[in-house]
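S.K.:
Numbering (the UniProt record's numbering), first residue to last: 1 to 254.
If you want it as structure tokens, here you go:
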């Protein structure tokens, strides 16, 4: 199949239900025919229409560094190059808010990435872009060098990079970035300021926003859960965004 959405789940931070929610939302918000693939060490509970693949370690027994998401390096494994064409990778904690078809524009040999750092935080294109791996579009066959470089010397990769996305961006032969307005950050752009969040819920995504990234804490399921606070001190985490609750209720397990 020409188009694919790919995500990766390992450990216990995310459940199969969280993957299923992303899958259902993606099917609802794209007009394209695509295959949804989850690379995982535990496929139990995944929707039967999700293709599950083992995480290809290729002789790497473990990823000892705990900061960052180093198993994502397997997204550039040569095995995927043989199976996938135009592929959109999404972190499991991505919330879709608009039609995602533009993310499938053919990147050719380029790794098309979310831009993080001050450029994204301030929505200011005058800042230098910093590549992030929360969302990216690629043809895996053009980027196996990233995994090969990691496999050759993982210790150097750990020592020279705080998190995996710095390594990925540094080793991508060609890269560009999505338009800033396509992806908002819940933490940077929608969460209210301290004290204001006691009284009013987080903002609704802008009309032109296609995805909201919940990078780090809080995860979207914490914010949508009506039974507990979702924020850490000094924020209160009492007010919840109606748009996210409706999204979660629509796509969660029936």
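Quick reminder that beta carbons are idealized off the backbone N, C-alpha and C, glycines included.
(1) Pull up the DSSP beta-bridge partners for residue 175, would you.
(2) In whole angstroms, give me the CA-to-CA distance for residue 39 and residue 51.
(3) Assess contact between the region 130-142 and the region 90-107, defined as three or more Cβ pairs (one per stretch) separated by less than 8 Å. Is contact present?
(4) Give me, in chain order, the residues of the same chain whose beta-carbon lies closer than 8 Å to that of residue 216; leave out the 5 immediate sequence neighbours on both sides.
(5) Take residue 129 as the anchor and find which of 170, 160, 94 has the nearest alpha-carbon.
(6) Distance check for residue 37 and residue 46, CA to CA, integer angstroms please.
(7) If you check the beta carbons only, do residue 185 and residue 213 fall under 7 Å apart?
(8) With residue 125 and residue 210 assumed to form a contact (beta carbons below 8 Å), what rounded beta-carbon distance in angstroms separates them?
(9) Pick helix, strand or coil for residue 247, following the three-state DSSP scheme.
(10) Taking C-beta to C-beta, are residue 253 and residue 17 nearer than 7 Å?
(11) Buried or exposed: which applies to residue 2, given that a residue is buried once 16 or more other Cβ atoms fall within 10 Å of its Cβ?
(12) Just tell me which of 157, 236, 87 has its CA closest to the CA of residue 193.
(13) In angstroms, rounded to a whole number, what distance separates the CA positions of residue 239 and residue 220?
(14) Could you tell me whether the Cβ of residue 22 comes closer than 7 Å to any Cβ of chain C?
(15) Tell me the residue span of the beta strand (DSSP E) that contains residue 34.
(16) DSSP three-state call for residue 90: helix, strand or coil?
(17) Excluding the 5 residues preceding and the 5 following residue 200 in the sequence, name in chain order all residues of the same chain whose CB lies nearer than 8 Å to its CB.
(18) Do residue 133 and residue 72 count as a contact pair if the criterion is CB distance below 7 Å?
(19) For residue 99, which residues in the same chain have their Cβ closer than 8 Å to its Cβ, ignoring the five residues on either side in sequence?
(20) For the pair the region 4-11 and the region 83-92, tell me if three or more CB-CB distances fall below 8 Å.
(21) Looking at the structure shown, is residue 8 part of a helix, part of a strand, or coil, going by DSSP?
(22) Can you list, in chain order, the residues of its chain with a C-beta nearer than 7 Å to that of residue 164? Leave out the 5 residues immediately preceding and following it.
M.R.: With the given structure in hand:
(1) Looking at the DSSP output, residue 175 sits in a beta bridge with 111.
(2) Distance between residue 39 and residue 51, taken at the CA atoms: about 8 Å.
(3) A contact exists between the region 130-142 and the region 90-107.
(4) Here the set comprises 187.
(5) The option with the nearest alpha carbon to residue 129 is 170.
(6) Taking the straight line joining both Cα atoms gives about 10 Å.
(7) Against a cut-off of 7 Å, the Cβ pair of residue 213 and residue 185 comes out as a contact.
(8) About 17 Å; that fails the 8 Å criterion.
(9) DSSP, read as helix, strand or coil, puts residue 247 in helix.
(10) Against a cut-off of 7 Å, the Cβ pair of residue 17 and residue 253 comes out as a contact.
(11) Label assigned to residue 2: exposed.
(12) The residue with the shortest Cα to Cα distance from residue 193 is 236.
(13) Within the model, the alpha-carbon separation for residue 239 versus residue 220 is close to 14 Å.
(14) No chain C appears in this structure, which consists of one protein chain only.
(15) Start and end: 34-40.
(16) Here residue 90 sits in strand by DSSP.
(17) Short of 8 Å from the beta carbon of residue 200, and not among the five residues preceding or following it, lie these beta carbons of its own chain, in chain order: 192, 239.
(18) A contact, by the Cβ cut-off of 7 Å.
(19) Cβ neighbours of residue 99 beyond the five flanking positions: 29, 30, 31, 210.
(20) Because the criterion of three Cβ pairs below 8 Å is met, the region 4-11 and the region 83-92 touch.
(21) In this structure, residue 8 counts as strand in the three-state DSSP scheme.
(22) So the qualifying residues of the chain are 68, 69, 70, 72, 73, 133.
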